[in-house]
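Residues -26 to -1, 1 to 362 in mature numbering (1 follows the signal peptide of the UniProt record, and there is no 0) are what the sequence shown spells out, letter by letter.
Take a look at the structure below.
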Amino acid sequence: MQYLFTRQLLWLLTCCLTVVVTVSRAQEIPSPIVYDGYRGGFDIGSQGVKLSIIGFYHRDGKLKYRLVYDRQETVGLVKGMELNNGKLRSADIQDAVATVQEMLKDASETYGMSNRDFVIYTSSGVNLASNVADIDALTQKILNMPTVTSMPTKVEATYSVRAGLAREDFDKAILVDVGGGNLKGGILQPYTSASGAVRYTFKSYSIEYGARRIAERIMMRKTDPAEYQNELRVMVEDSISPLIRMSLNDNPEIKTISRSIVYLTGGAAYQFITWKYPEKVREEIVEFTMNDFYQFIDMLSSPTGWIDWQGKTFTKIDDPKLRELVEKDHVKATKRVYNREGCLAGTLLAQQVFREIGNLNTKTFYFTRDAYWINALVFDTYKGEFKK
């Protein structure tokens, strides 16, 4: 009798423990996201036309967003500017607007959106063109939609910081954003508001040289790979580094040792992290070292490095879903962002910013996928429609 009672007691305890473990695991698994709606933004920039679709949802009583779809198509806007005395070529403008039109139709049908659910902006690099307003005129004519062509570099960089920096890193982080048309970034500096609350203001730096702009300018004179590389290094180290230094010196705190974290973003940064850590395609923030970065520069500088990377396969990845994501990311990084020359230009620009910031042995480096200004801008534009 005692034996039977003991067995029943053990069975009951086992059931209770199973229920507790099951409930505990259920609590650990976040509930699936249910989106309240979708909104999108087009960035007509130095690398071409980019589209982001973000989904709005509520979690713990707060309105949040998540990137659900993005697409990029190459358009030669900056190349045209370099060949056309700083003006956008009419053919490139038409190509860009036609690309927006096609992407708009595809995304609208997929996500059940209308034209009013999208915004169109030209990036700060493209805004340097004297005739950038022609893009707005054509989107209004073809799409009946305006294009904002007056985004200041500082505002664009501010949105990048908001989108990409972890909240807990605001006091110690630096953003380095190497775009196709310009180089920008900065820090969030705390201050005490009139109400006594701690708030942040963005202290930025910028120069009007980006990866694609520099590459196109040099390639007009130097087409041989070795000559291009030598000319690029001279231009970055002798001509551009003083501009970076002066811009950084406007905000001395950027170079203080307390700024111990560097967030890197931009097309060349994306190519770098895809080359070094292809299997981390699902991670929004990826840590890297300066040694990793130097290895990437060495690869780009070698005669066959770029070709070898383009032909790389990922058959050793066992997870079929991960392998599919890695292969898709690899194609985008090697064929839809920058060519070797643009990638090398962006990488050397980033390296020069690192050098000017200094104290590299005390810093931790991260690549951030989320520091894309159009995402935060779309959220700001439409959040009023989803607040409860």
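All C-beta atoms, glycine included, are put in the ideal place defined by N, C-alpha and C.
Taking 8 Å as the threshold (C-beta atoms), are residue j and residue i in contact?
i: G160; j: K177; result: yes
i: L37; j: F360; result: yes
i: A111; j: G320; result: no
i: F288; j: V305; result: no
i: V327; j: V150; result: yes
i: A307; j: T263; result: no
i: I231; j: Y340; result: no
i: K362; j: H32; result: yes
i: G99; j: G19; result: yes
i: I214; j: Y202; result: no
i: F144; j: L162; result: yes
i: V172; j: L322; result: no
i: P252; j: D212; result: no
i: L206; j: L318; result: yes
i: T84; j: R310; result: no
Below 8 Å on the Cβ atoms is my guess for residue i versus residue j; work out the distance and round it to an integer in Å.
i: Y237; j: L157; result: Not really, about 14 Å apart at Cβ, beyond 8 Å.
i: N105; j: K61; result: 5 Å
i: K146; j: R233; result: 6 Å
i: I228; j: Y183; result: Rounded, the Cβ-Cβ distance is 18 Å, inconsistent with contact.
i: I67; j: I109; result: 6 Å
i: E188; j: S221; result: A small fix is needed here, since residue 188 is Ile in this sequence, not Glu. Contact flag wrong, Cβ pair sits at about 16 Å.
i: A243; j: Y312; result: With 8 Å as the limit, A243 and Y312 do not qualify as a contact, their Cβ atoms being about 11 Å apart.
i: K254; j: D266; result: About 12 Å separates the two Cβ atoms, so there is no contact after all.
i: R314; j: L274; result: 6 Å
i: I28; j: V352; result: 5 Å
i: V71; j: E190; result: V71 to E190, Cβ: 21 Å. No contact.
Exposed or buried, residue i, counting other C-beta atoms within 10 Å across all chains shown (16 or more means buried)?
i: G285; result: exposed
i: V(-6); result: Unreliable placement is indicated for V(-6), whose pLDDT of 45 sits below 50; the coordinate value is still reported in the next sentence. With fewer than 16 other Cβ atoms within 10 Å, it is exposed.
i: S124; result: exposed
i: I7; result: exposed
i: A350; result: buried
i: S134; result: buried
i: G155; result: buried
i: S5; result: exposed
i: V(-4); result: With a pLDDT of only 45 at V(-4), under the threshold of 50, the placement of this residue in the model should not be trusted, and no figure is reported.
i: S35; result: It should be pointed out that residue 35 corresponds to Gly in this sequence rather than to Ser. Exposed, by the Cβ-count rule.
i: P294; result: exposed
i: G54; result: buried
i: G86; result: exposed
i: D354; result: exposed
i: S88; result: exposed
i: V260; result: buried
i: I348; result: buried
i: T113; result: buried
i: I281; result: exposed
i: A324; result: buried
i: A103; result: buried
i: S97; result: buried
i: M119; result: buried
i: D69; result: buried
i: I257; result: Per the sequence presented here, residue 257 reads as Glu, with Ile not at that position. E257 is exposed by the Cβ-count criterion.
i: T239; result: buried
i: R136; result: buried
i: D80; result: exposed
i: V74; result: buried
i: T132; result: buried
i: E298; result: exposed
i: D292; result: exposed
i: R(-2); result: For R(-2), the pLDDT reaches just 44, beneath the cut-off of 50, and the residue's location in the model is therefore unreliable, leaving the point undetermined.
i: Y268; result: exposed
i: D91; result: buried
Considering only heavy atoms of the ligand COA, does any lie closer than 7 Å to the CB of residue i?
i: G240; result: This structure lacks the ligand COA; in fact it carries no ligand of any kind.
Determine contact between the stretch 160 to 169 and the stretch 333 to 352, defined as no fewer than three beta-carbon pairs at a distance below 8 Å.
no
Determine, using beta-carbon pairs with one atom in the stretch 37 to 53 and one in the stretch 11 to 24, whether at least three such pairs fall under 8 Å.
Two segments are said to touch when three or more pairs of C-beta atoms, one from each, lie closer than 8 Å; by this definition the stretch 37 to 53 touches the stretch 11 to 24.
Determine contact between the stretch 11 to 19 and the stretch 321 to 337, defined as no fewer than three beta-carbon pairs at a distance below 8 Å.
no
Taking only runs of the beta strand (DSSP E) that begin and end inside the stretch 174 to 252, which ones reach a length of at least 3 residues, in chain order?
With a minimum length of 3 residues, the continuous beta strand (DSSP E) runs that stay inside the stretch 174 to 252 are 235 to 240.
What alpha helix (DSSP H) runs, 4 residues minimum, are completely inside the stretch 268 to 316?
279 to 284 and 294 to 309
Can you list the beta strand (DSSP E) stretches of 3 or more residues lying completely in the stretch 6 to 93, in chain order?
11 to 19, 22 to 33 and 36 to 47
As an exercise, report each continuous alpha helix (DSSP H) stretch of at least 4 residues that is fully enclosed by the stretch 110 to 172, in chain order.
127 to 138
Quick check on the DSSP output: what are the complete alpha helix (DSSP H) runs of length 4 or more inside the stretch 314 to 341, in order along the chain?
314 to 331
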